[in-house]
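**Student:** Pasting a structure below so you can have a look.
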Amino acid sequence: MGELETTSVSIGALAERVRNGELALPEIQRSYVWNRPQVRDFLDSLYRAFPVGTLLFWRAGEMGYSRNIESAVAADSRASRRTDFVLDGQQRLTALARVIYDADPDIRFNLDTERFEVANAAIRRDPRWIPVTDIFSKGATRVALERDLIGDGGAEAEDALRRLNRVAEIRNISVPVHTLDGFDYEEVTEVFVRVNSKGTRLRQAELAIAQLAFRLPGMVTDELKAFEDELDESGYDIDLRFLVRCLTAVATQQSRFRALGAADPKDVERAWRDTRRAIEFFLNLARENLGLESWDWVPSNNALVVPVAYLARRPYEEVDSRALLRWFLLSSIWQRYSGSSETAMDQDLRLLGEPSPFEALERTLRQEVGRIEVTADDLDDAGVRSAFFLAAYLACRHRGAEDWKTGVALSSTNLGTQHLLELHHIFPRAQIADRYDRKDVNEIANIAFISQAMNREIGKTPPAEYLDAIPRERLQQQFVPTDRTLWEIGNYQRFLSYRRELLAAGINDVVATFR
């Protein structure tokens, strides 16, 4: 069991430790984010002897991967001297070190008003505003002499020197420092997450990420975060938390984050390589074979976990791509991993060990839902945030849908603003908002996918006045009824009912394609 050591350390000594590299940041500690007014207010609190909180360090022996606290740049800070991790207090320590040694930010102190302020052009021209860094580095007396503030003495000179000394004495103010000595990784991880969660309920994902950072130095920053950035640059909004979920599934065949903490570090490293390979494979497969160009269409990232775990277990030549995409569609459409998602994911991860895993998965889904075919009733009141929206878009893509104006194939990656893909209300909201509920107006059955140029051109025009000018095949590609009587405002509900039937059949056709 470790010990909690409590001491009082002067601000000057702490700043010196920062400059000497004796205080470092855990790999997952966020970068320096304080703005200049925050630094100003912190100095003002110290000057007025207000409470500024405590600091929390961890004496870890062998440091592992860390970042230098002063520059907050990624670097291997291993050192022979004793170095402590800063678990709480990074922003305050960094601000102090920068002000004391670097004049960054340039904070000035006004002798008359005893105020601190961030320097601007006017303040820099005013001799009554003195750089705080000068006071710290030169001392009060030297600053007073250089600025001719003492003169022949007197009350005004005494006041100036007293106030300058009070600023300089900030370096000698002591703050409480708690140091965890002899605590293991798991204990420190728990402490770190708690003190950095601002009293909010801890999430298992945060704990798992912290454990990775402490147990496998460099993995979070060099591997997971780097991959997260790569995915983001490629248009995939897949965050660090979800990458850890996939890693957990691959490394442990379970979805619950806590399972990762018990895994052997070497197994986790191997599992990450397999996880990354599987994610890259599946995203390429979904884009090229399914038409899923953007992850924005996916209702839940959880639908990716089982496919990634499946791919990580086998070489490419043994992958059943069609069955894999079919399962991805079905699990997304029927929200297999919403609600008690971990229970469902754990059950499905176990089924991956079956001789015919996708048959077993589909059998389980049928038992839960009762069917896998989509009906028109399923689409009743379903909006763009529903799980059926992705399926409706893919059904249109599967039909070879083209823009109603240009004839360019539907794609979320088209170049040029006029070709950007937009959601179009076939019956414009302005025409029906006062007659129907909002959920009816925004239902999937009233949404088409067209270019920005076409959307602007249609504007608020009633469907009976513009649909007739669009080639019939382009309407049919998006399951828009071609019966002109259904285009009348008064027949909106009949239009929705008929289009739901068409969309449901189209969605089922897409799923059947991957049988």
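In terms of the working numbering, the sequence shown is numbered consecutively and its last residue is 731.
All C-beta atoms in this analysis are idealised placements derived from N, C-alpha and C, irrespective of residue type, glycine included.
1) Of the choices Arg363, Arg486, Leu272 and Trp703, whose alpha-carbon is the least far from that of Leu220?
2) Taking 8 Å as the threshold, find out whether the segment 299-317 comes into contact with the segment 344-355 through three or more Cβ pairs.
3) Considering only C-alpha positions, which residue in the set Asp594, Pro644, Pro531 and Gly477 is nearest to Ala680?
4) Can you list, in chain order, the residues of its chain whose CB lies under 6 Å from that of Glu589, leaving out five sequence neighbours each side?
5) Cα separation between Asp448 and Glu439?
6) Measuring from the CB of Tyr317, is there a heavy atom of the ligand GDP at a distance below 8 Å?
7) Three or more C-beta pairs closer than 8 Å, one from the segment 667-687 and one from the segment 546-559: is that the case here?
8) Sorted by chain position, which residues of the same chain lie with C-beta nearer than 8 Å to Asn630's C-beta, five sequence neighbours on each side aside?
9) Output the distance between the C-alpha atoms of Ser547 and Ala607, rounded to the nearest integer angstrom.
10) Just to confirm before moving on: does the CB-CB distance between Phe730 and Leu545 stay below 9 Å?
11) Please classify Ala295: is it buried, with 16 or more other beta-carbons within 10 angstroms of its beta-carbon, or exposed?
12) Please state whether DSSP places Ala295 in a helix, a strand or coil.
13) Can you round the beta-carbon distance between Asn388 and Gly269 to whole angstroms, since I take them to be within the 8 Å contact cut?
14) Compare the Cα-Cα distances from Thr222 to each of Asp375, Asp397 and Ala337 and report the closest residue.
15) Using 8 Å for Cβ pairs, my map puts Arg613 next to Gly451. What's the rounded Cβ distance?
16) Going by DSSP, what residues sit across from Trp345 in a beta bridge?
17) State the beta-bridge partners of Leu396 as determined by DSSP.
18) Could you give the DSSP three-state label for Asp562: helix, strand or coil?
19) Suppose you measure from the CA of Ser676 to the CA of Val585; what does that come to, to the nearest Å?
20) Could you tell me which of Lys655, Asp375, Leu459 and Val391 sits nearest to Leu230, measuring between CA atoms?
21) Are the CB atoms of Phe473 and Leu459 within a distance shorter than 9 Å?
22) May I ask you to report which of helix, strand or coil DSSP gives Phe695?
23) According to DSSP, what are the bridge partners of Gly599?
24) Give every residue of the same chain whose Cβ lies closer than 7 Å to the Cβ of Leu305, excluding the five residues on either side of it in the sequence, and list them in chain order.
25) Grouping DSSP H, G and I as helix and E and B as strand, with all else coil, what is Ile666?
26) From the DSSP output, which residues share a beta bridge with Val302?
27) Spatial neighbours of Ala560 within its chain, please: CB distance less than 7 Å, with the 5 preceding and 5 following residues excluded, ordered by chain position.
28) By Cβ distance below 6 Å, which residues in the same chain neighbour Ile663 in space, the five residues on each side in sequence not counted?
29) Evaluate the contact criterion for the segment 700-717 versus the segment 641-658: three or more CB pairs, one atom per stretch, below 8 Å.
30) According to DSSP, is Ala421 helix, strand or coil?
31) What's the C-alpha gap between Lys655 and Phe605?
32) Can you say whether Gly370 is buried or exposed, counting buried as having 16 or more other CB atoms within 10 angstroms of its CB?
33) Whose C-beta lies closer than 8 Å to the C-beta of Phe574 among residues of the same chain, with five residues either side of it excluded?
34) For Leu631, which of helix, strand or coil comes out of DSSP?
35) State yes or no: is the C-beta of Val514 within less than 9 Å of the C-beta of Leu577?
**Tutor:** If we stick to the structure as given:
1) Leu272
2) Cβ pair count under 8 Å is three or more, so yes.
3) Pro644
4) Asn724
5) Roughly 14 Å separates the two Cα atoms.
6) The ligand GDP is not among the ligands present in this structure, which contains no ligands whatsoever.
7) no
8) Val624, Leu636, Leu637 and Ser667
9) Distance between the alpha carbons of Ser547 and Ala607: 11 Å.
10) yes
11) Confidence at Ala295 is low in this model, with a pLDDT of 43, below 50, so the placement of that residue is unreliable and no value is reported for it.
12) Below a pLDDT of 50, predicted positions are generally treated as unreliable, and Ala295, at 43, falls in that range; the measurement from the model is reported next regardless. Coil at Ala295, not helix or strand.
13) Incorrect: roughly 18 Å between the Cβ atoms, too far for contact.
14) When only C-alpha atoms are compared, the closest one is Asp397.
15) About 16 Å separates the two Cβ atoms, so there is no contact after all.
16) Asn326
17) Leu220 and Trp274
18) helix
19) Correcting the residue type first, residue 676 is Lys in the shown sequence and not Ser. Straight-line Cα distance between these residues: approximately 40 Å.
20) Val391
21) Going by C-beta atoms, Leu459 is not nearer than 9 Å to Phe473.
22) coil
23) DSSP output for Gly599 lists Glu659 as bridge partner(s).
24) Here residue 305 is Gly; the residue named in the question, Leu, does not match the sequence. Excluding residues within five positions, the ones whose Cβ falls inside 7 Å are Leu271 and Leu272.
25) strand
26) Per DSSP, the beta-bridge partners of Val302 are Phe273.
27) Counting only Cβ-Cβ distances below 7 Å, and skipping sequence neighbours, we find Arg552 and Tyr553.
28) Leu639
29) yes
30) Correct three-state label for Ala421: helix.
31) 14 Å
32) exposed
33) Asp536, Ala539, Leu540, Arg542 and Trp543
34) coil
35) no
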